[in-house]
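Undergrad: In this note's numbering, the protein residues as written are 12 to 602.
The structure follows.
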């Protein structure tokens, strides 16, 4: 646990300084003491996103080793020294905020911190982390972008930005044992920001977004869906976008919320946070692409004549997506993988289109009916695959969908009533109208493309809270603040205390007081494909932290472009089936 705390302190300092650097850049014409600094969790998250964009560019040319750490640390020190007064004011502001929180809020935050800390010491639990996440991260730690890496393992073509930033903050990048605790760090930042709503002050009619933050803490911070605590020690790409989408919803400017932290009639700094978080989310998980409509809407609504801001937003977009597309082209031969329709290049390392289509089909079919042959599933009509999909869902997921359907009907009736009576609640529907449309559109997009709940929780839970807001608005502000908030705090403390007791009973804490549990180790065998020695697990399809190169799937058409691994991989096979699978029949390729 001490090692994990050290990781989080290092990550927190770096991300906070990078985030403050971004704030200073956006407000460089103003005196540092003349504007409200965003809360520390938001600054840290923004810093993590901006740093990820920069690391993504560097990872094209170099490996993310200790040299890159030195560059980042020196850059942060230069900023802190040259902007000492600004950093000092920000630090004092954050310390004052910490000292001002109530005892109940602090106790809940402390219990949550201890639970997340202990969970972060677990061995990685996400199946996909053993399948390809950790191996993809190891390639980034040891090599620049490898041409045709997706030919070695189709999943390596999924070039998530999360792999890049995890490779940087992972201790193995500086020669230490592998440990993946960045999801836990992000979870703590988000939960801390949600908890800030319990300390909010302001008149009763200005607390709508605070109510939303309280709801999100109740759902996400206490992990009632069970989607966060089990994978806090894994480099999974699902959790962070799931947390960013609710933040974007809450930051979305509403004129009633002028007093809320960094809100104003025009979004100001909020716009840049929404833009950065939206881009960050999509680069981590392409299935969250609809969220990009949020910053686009703000540009059209508030800044369609502010050409400087439009230019700045375009620059952020290009600087973030440009390296992403470049890495995709190098690794897979496609601008966005796995979209076989974007077949624009003819590099010798390009993954064959049939393999890309195979990967895409597996994603779609597995989300509908896992374990069945992809061709069989994709041929099924909606009426044939939906009953099986529905029967496979957990009671929690079924309850979520039924609740969303019921709340949709209730809100439709409430909206019609408000429209006819011209009540005040009508303003809320109109002001959040875009986000209602966005979340419904995103939910439909999720369901029709790949209806795996881990791809859609961010949108679905945000829609749930948004549908509850009209009814929460009718609760008097003082009653909500005194009764509801305090009840949630007390219930949250009791819940976390029970969770902590369960953790202590089920886990020998003394084993992880200093170091976390190691990554699982698997028995390996060596294979030779056209002169290349490749490791593969003796059983199963998870390489975990095995030496490079490791892949459970071997392509007989695989070859090196040059004399070493850095030169990249090619795929050249004319036989009907060049794909072999050593000891596994989970996802065979059929050409």
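Every residue gets a Cβ at the ideal spot worked out from N, C-alpha and C, and that includes glycine.
Could you name the residues that DSSP lists as bridge partners for residue 11?
TA: The shown model of the chain, from 12 to 602, leaves out residue 11, and the question about it has no answer.
Undergrad: I'd like to check one pair, residue 283 with residue 50: are the Cβ atoms closer than 8 Å?
TA: Going by C-beta atoms, residue 50 is not nearer than 8 Å to residue 283.
Undergrad: For residue 296, count neighbouring C-beta atoms within 10 Å of its own C-beta (all shown protein chains included) and say buried if the count is 16 or more, exposed if not.
TA: Buried.
Undergrad: Cutting at 6 Å between CB atoms, please list the residues of its own chain near residue 553, excluding the five before and the five after it.
TA: Cβ within range, chain order: 141 and 142.
Undergrad: Quick test of your reading: residue 576 and residue 560, contact by CB under 8 Å. State the CB separation rounded to the nearest angstrom.
TA: Right, the Cβ-Cβ distance comes to about 6 Å (below 8 Å), so this counts as a contact.
Undergrad: Could you give the C-beta distance for residue 168 and residue 343, rounded to a whole number, given that I count them as a contact under 8 Å?
TA: 4 Å between Cβ atoms; contact.
Undergrad: In angstroms, rounded to a whole number, what distance separates the CA positions of residue 543 and residue 379?
TA: Rounded to the nearest angstrom, the two C-alpha atoms are 36 Å apart.
Undergrad: Which residue comes first and which comes last in the alpha helix (DSSP H) that contains residue 546?
TA: That residue, residue 546, is in no alpha helix (DSSP H); its beta strand (DSSP E) goes 543-548.
Undergrad: Counting only the same chain and skipping the five closest in sequence on each side, list residues whose C-beta sits under 6 Å from that of residue 271.
TA: Residue placement at residue 271 is flagged as unreliable, the pLDDT there being 38, under the threshold of 50; the coordinate-derived value follows with that caveat. Cβ neighbours of residue 271 beyond the five flanking positions: 220.
Undergrad: For a test of the three-state rule: what should DSSP assign to residue 582, helix, strand or coil?
TA: Correct three-state label for residue 582: strand.
Undergrad: Between the Cα of residue 74 and the Cα atoms of 156, 144 and 26, which residue gives the shortest distance?
TA: For residue 74, the nearest C-alpha among the options comes from 156.
Undergrad: Could you tell me the distance, in whole angstroms, from the CA atom of residue 505 to the CA atom of residue 195?
TA: Roughly 21 Å between the two C-alpha positions.
Undergrad: Give the straight-line distance between the Cα atoms of residue 273 and residue 285, rounded to the nearest whole angstrom.
TA: For residue 273, the pLDDT reaches just 39, beneath the cut-off of 50, and the residue's location in the model is therefore unreliable, although a value from the coordinates is still provided. One C-alpha to the other measures close to 12 Å.
Undergrad: Identify whether residue 570 lies in helix, strand or coil by the three-state DSSP scheme.
TA: Correct three-state label for residue 570: strand.
Undergrad: If you drop the 5 nearest sequence neighbours on each side, which residues of the same chain put their C-beta closer than 7 Å to that of residue 508?
TA: The answer, listed in chain order, is 122.
Undergrad: Buried or exposed: where does residue 18 fall if 16 or more other Cβ atoms within 10 Å of its Cβ makes it buried?
TA: So residue 18 counts as buried.
Undergrad: Give the straight-line distance between the Cα atoms of residue 36 and residue 53, rounded to the nearest whole angstrom.
TA: Taking the straight line joining both Cα atoms gives about 16 Å.
Undergrad: How long is the line joining the alpha carbons of residue 153 and residue 453, rounded to whole angstroms?
TA: About 37 Å.
Undergrad: Residue 494 lies in the alpha helix (DSSP H); which residues open and close that run?
TA: Looking at the DSSP string, residue 494 is not in any alpha helix (DSSP H), and its letter there is neither H nor E.
Undergrad: What's the gap between the Cα of residue 470 and the Cα of residue 257?
TA: So the alpha carbons of these two residues sit roughly 8 Å apart.
Undergrad: Excluding the 5 residues preceding and the 5 following residue 289 in the sequence, name in chain order all residues of the same chain whose CB lies nearer than 7 Å to its CB.
TA: The residues are 259, 302, 303, 305 and 306.
Undergrad: Measuring straight from C-alpha to C-alpha, what distance separates residue 372 and residue 31?
TA: Their backbone Cα atoms lie some 43 Å apart in a straight line.
Undergrad: Return the first residue and the last residue of the beta strand (DSSP E) that residue 539 is part of.
TA: Here the beta strand (DSSP E) through residue 539 covers 535-540.
Undergrad: Would you call the segment 188-202 and the segment 525-533 in contact, with 3 or more CB pairs under 8 Å?
TA: At 8 Å Cβ cutoff, the stretches touch.
Undergrad: What residue range does the alpha helix (DSSP H) around residue 156 cover?
TA: Taken as a continuous stretch (DSSP letters only), residue 156 belongs to no alpha helix (DSSP H), as it is neither H nor E.
Undergrad: Which ranges does the beta strand (DSSP E) cover as unbroken runs of at least 3 residues, wholly within the segment 64-144, from first to last along the chain?
TA: Whole beta strand (DSSP E) segments, 3+ residues: zero.
Undergrad: Roughly how many angstroms lie between the CA atoms of residue 377 and residue 400, to the nearest whole one?
TA: Residue 377 and residue 400: Cα-Cα distance of roughly 10 Å.
Undergrad: Are the CB atoms of residue 132 and residue 523 nearer to each other than 8 Å?
TA: It is a contact, given that the beta carbons lie within the stated cut-off.
Undergrad: Would you mind giving the Cβ-Cβ distance between residue 88 and residue 79, rounded to the nearest angstrom? I have them listed as a contact below 8 Å.
TA: Not really, about 15 Å apart at Cβ, beyond 8 Å.
Undergrad: Considering only C-alpha positions, which residue in the set 147, 546 and 162 is nearest to residue 171?
TA: Answer by Cα proximity: 147.
Undergrad: Mind checking which residues open and close the alpha helix (DSSP H) that includes residue 195?
TA: It spans 193-206 - the alpha helix (DSSP H) in which residue 195 sits, taken as one unbroken run.
Undergrad: Since residue 561 sits in a beta bridge, which residues does DSSP pair it with?
TA: Looking at the DSSP assignment, residue 561 forms a beta bridge with 546.
Undergrad: Apart from the five residues just before and just after residue 339, which ones in its own chain have a Cβ nearer than 7 Å to its Cβ?
TA: Excluding positions up to five away in sequence, the list reads 170, 345, 346, 347 and 348.
Undergrad: In whole angstroms, what is the alpha-carbon distance linking residue 315 and residue 326?
TA: When rounded, the distance between both Cα atoms is 16 Å.
Undergrad: Could you tell me which of 464, 447 and 495 sits nearest to residue 474, measuring between CA atoms?
TA: Nearest option by C-alpha distance: 447.
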